[in-house]
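Colleague:
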Amino acid sequence: MNWSAIPYDYKLLKGDPMLILSLLVPFILWALMHLLFPFLEVLVMKQWNVDISPYYRQTGIFFLMLIPMMMGMVYGFILLDERDGGIITAISVTPTGKFGYLKLRMGIPLFLSFVFIILFLFLLGLTGTLNILQLIVISLLISSQSLILLLLLGAFADNKVIGMAISKGFGILLMGPLLGFALPAPYNWSGAYSPLFWASRSLLSDSQDTFWLYASITFLFHLFLVWILFRKFTARSD
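So the number in my numbering is just where the residue sits in the sequence shown, counting from 1, plus 1.
1) Could you say which of Ala91, Gly192, Gln146, Val75 lies nearest to Leu221 if we only look at CA atoms?
2) If you measure between the beta carbons of Phe1 and Leu205, is that distance less than 8 Å?
3) For Gly164 and Leu154, which I take to be in contact (beta-carbon distance under 8 Å), what is that distance rounded to the nearest angstrom?
4) May I ask which residues mark the beginning and end of the alpha helix (DSSP H) holding Ile167?
5) Could you give the C-beta distance for Leu122 and Thr130, rounded to a whole number, given that I count them as a contact under 8 Å?
6) What residue from Pro196, Asp159, Phe78, Ala200 has the CA that sits closest to Arg237's CA?
7) Taking the alpha-carbon of Val26 as reference, which of Leu37, Arg58, Phe38, Ile68 has the nearest alpha-carbon?
8) Check whether the Cβ atoms of Tyr215 and Arg232 sit closer than 8 Å, and answer yes or no.
9) Output the boundary residues of the alpha helix (DSSP H) element that contains Tyr194.
10) Who are the near neighbours of Gly98 in its chain, counting only those whose CB is closer than 8 Å to its CB and skipping five residues on each side?
11) Val162 to Met107, Cα distance in whole Å?
12) Whose C-beta lies closer than 7 Å to the C-beta of Ser114 among residues of the same chain, with five residues either side of it excluded?
13) Measuring only between beta-carbons, confirm whether Arg237 sits less than 8 Å from chain B.
14) I'd like to check one pair, His35 with Leu136: are the Cβ atoms closer than 8 Å?
15) Would Trp190 and Ile218 be called neighbours here (beta carbons separated by less than 8 Å)?
16) Quick check: Leu150 and Met66, are their CB atoms within less than 8 Å of each other?
17) Look at Leu174 and Leu197 and say whether their C-beta atoms are less than 8 Å apart.
18) Where do the ends of the alpha helix (DSSP H) carrying Asp85 lie?
19) From what residue to what residue does the alpha helix (DSSP H) around Val26 run?
20) DSSP three-state label for Ser147, please.
21) For Ile53, which residues from the same chain have a beta carbon less than 6 Å from its beta carbon, with the 5 sequence-adjacent residues on both sides left out?
22) Work out the CA separation of Ile109 and Ile79 for me, nearest whole Å.
23) Within 10 angstroms of its Cβ, does Leu22 collect 16 or more other Cβ (buried), or is it exposed?
24) If you follow the alpha helix (DSSP H) that Ala183 is part of, which residue opens it and which one closes it?
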């Protein structure tokens, strides 16, 4: 990965406080889970005699899904800025080419999402019974959600205003795992339209077979979406 792009990205981010705040989201989510959830646990038990501790892991996993969304939005907006500035067109005629540019732009949010997700899982005790290989696999799969949003913005957003609307609409995928957590069977399967539903099922799995089944569905789901959006983006950029 070409890390020389990081200082340039920082210069772009400095001019947009909203994007900087988006990069801080993983730390904010960690603080909410680490500090606020225990407080709410005591408060709810005291006020209503309801134990919410069984929902700690589901809440943490839901927050976890927000991380790649934020990374994808930040780098999707950087991509929009570079397209508007003619940078993508200029790079396409260099040895790096458009594909090399996209590898860089896709690689950074994928890597950042992966690092934050791994830290999130271990620091908040969300690993469950999964071994290290399973945690790496599912973290990579969830991280690839950042690529979907980045490519979605690049393929369909003409500017940041439209990009923000698309990012908000993208949040409908977050409803998938939420429906899976909140609704009783068989209605919880109504969230199966979202790849994040299958990713959350993998994280909550207690057996090897079900983990790899749900992880495989997550992989195929993401692969299909990334392939479609990648083709759409490259066709638009030609």
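We put the beta carbon where it would ideally sit given N, CA and C, even for glycine. It should be emphasised that the depicted structure is a prediction, and the values quoted were computed from it without experimental measurement.
Modeller: The structure says:
1) When only C-alpha atoms are compared, the closest one is Gln146.
2) There is simply no residue 1 to check, as the chain begins at 2 and stops at 239 in what is shown.
3) The C-beta distance from Gly164 to Leu154 rounds to 5 Å, short enough to meet the 8 Å contact threshold.
4) From DSSP, the alpha helix (DSSP H) with Ile167 extends over 161-171.
5) With 8 Å as the limit, Leu122 and Thr130 do not qualify as a contact, their Cβ atoms being about 13 Å apart.
6) Checked all of Pro196, Asp159, Phe78, Ala200; the closest Cα to Arg237 is Asp159.
7) When Leu37, Arg58, Phe38, Ile68 are compared, the shortest CA-CA separation from Val26 is found for Ile68.
8) Cβ distance not < 8 Å, so Tyr215 and Arg232 don't count as in contact.
9) Unbroken run through Tyr194: none, as it is neither H nor E.
10) Once the five neighbours on either side are set aside, the close Cβ partners of Gly98 are Ile92.
11) Going from the Cα of Val162 to the Cα of Met107 covers about 21 Å.
12) Taken in chain order, the residues that qualify are Ile68, Pro69, Met72, Ser144, Ser147.
13) Of the chains in the structure shown, none is chain B; there is only one protein chain.
14) Annotated as distal: Leu136 and His35, with beta-carbon spacing of 8 Å or more.
15) No, the Cβ-Cβ distance between Trp190 and Ile218 is not below 8 Å.
16) Not in contact: Leu150 and Met66 (Cβ atoms no closer than 8 Å).
17) Yes; because the gap between Cβ atoms is below 8 Å, this pair is in contact.
18) Boundaries of the alpha helix (DSSP H) harbouring Asp85: 57-85, taken from the DSSP string.
19) Counting along the chain, the alpha helix (DSSP H) containing Val26 begins and ends at 26-32.
20) Ser147 sits in a helix when the DSSP states are folded into three classes.
21) Correct list, in chain order: Glu42, Val45.
22) Whole-angstrom Cα-Cα distance: 12 Å.
23) Counting Cβ neighbours within 10 Å, Leu22 comes out exposed, since fewer than 16 surround it.
24) 176-183 is the extent of the alpha helix (DSSP H) around Ala183.
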